[in-house]
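Just so we're aligned: 58 in numbering that gives the first Met the number 0 is position 59 of the sequence shown, and the numbers increase by one with no gaps anywhere.
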Amino acid sequence: MRPQLNISILLLGLFLMASCNGLTHFEAKQLLDKAGIRIQSTTSCSNRANKLCTSLDGVRQETIDFLINFRKTTPRCRIIVSGGTEVGHGDQDGVDTHEGGYKLDLKLGWCINRFIKIGAKTDENPNFRFVENVEQTYPSNKKKYNAPLYRHKSGAYFLKQYNQWDVLYPQNPVPNWE
């Protein structure tokens, strides 16, 4: 075999592996763009191997579908994905992880914060319920804080960390109270 043909076969194999394990960044971005959801990274890149980038390579179709449906319930709020499947989230590849395509980070914002947090506490928003406070650690000074965890009626979880919403659409979501 010629070297060029070997490289072509290798690239085709990598492409097929990526498509079996979720969407490509381009496919996911197209779906989110159409729904009015932006993607933002520290360095304006989408390289999955760079923790400063925001990559959606390998994100699950179900995770993207959930986010698009969530967007429909918050038409006035800006939704910005600030973390995806790129390395550096502290969890390993697998079920219910960033790298496994189950979790995304959303930027904090007055509108989305109110929609989830205040709405759940006052029953203004029937889509969310407060679950519990989860102990987290600030990366800068290692101090502990309590991050509120909310459950969406679809079975997704929203954890309000100090700088973002950590959103999990689990492998086996359990919808309720519809």
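Here a beta-carbon is modelled for each residue, glycine too, at the ideal position from N, C-alpha and C.
Computed from a predicted model, the values in this text were never measured in an experiment.
So, helix, strand or coil for residue i, using DSSP?
i    : result
Q29  : helix
R113 : helix
R70  : helix
T62  : helix
H151 : strand
T121 : helix
L9   : Residue confidence is low: L9 scores 44 on pLDDT, short of 50, so the model does not pin down where it sits. Its coordinate-derived value is still stated next. Looking at L9 - three-state DSSP - the assignment turns out to be helix.
Would you report the Cα separation of residue i and residue j, rounded to the nearest angstrom?
i    : j    : result
V173 : H151 : 10 Å
S45  : S54  : 4 Å
V58  : N68  : 16 Å
A34  : E61  : 15 Å
E26  : G82  : 16 Å
P125 : C52  : 34 Å
I38  : T121 : 30 Å
I36  : N112 : 16 Å
Q135 : W164 : 13 Å
I117 : P74  : 17 Å
K142 : K159 : 16 Å
H88  : G21  : 18 Å
Since residue i and residue j are thought to touch, with beta carbons under 8 Å apart, how far apart are those beta carbons, to the nearest angstrom?
i    : j    : result
L103 : V133 : The Cβ separation is near 17 Å, so there is no contact.
A119 : V86  : That pair is no contact at about 32 Å.
D56  : T23  : 6 Å
I78  : L30  : Not confirmed; about 13 Å, so no contact.
Determine the burial state of residue i: buried for a count of at least 16 other Cβ atoms within 10 Å of its Cβ, exposed for fewer.
i    : result
D32  : exposed
V94  : exposed
F14  : No answer about F14 holds up, because its pLDDT of 45 lies below 50 and its placement is not dependable.
I8   : With a pLDDT of 48 at I8, under the threshold of 50, the modelled position of that residue is not reliable, and the figure given next carries that caveat. Label assigned to I8: exposed.
Y101 : buried
W109 : exposed
E123 : exposed
Just to confirm, are residue i and residue j a CB contact at a threshold of 7 Å?
i    : j    : result
Y168 : F157 : no
C76  : F127 : no
F65  : A146 : no
V166 : L105 : yes
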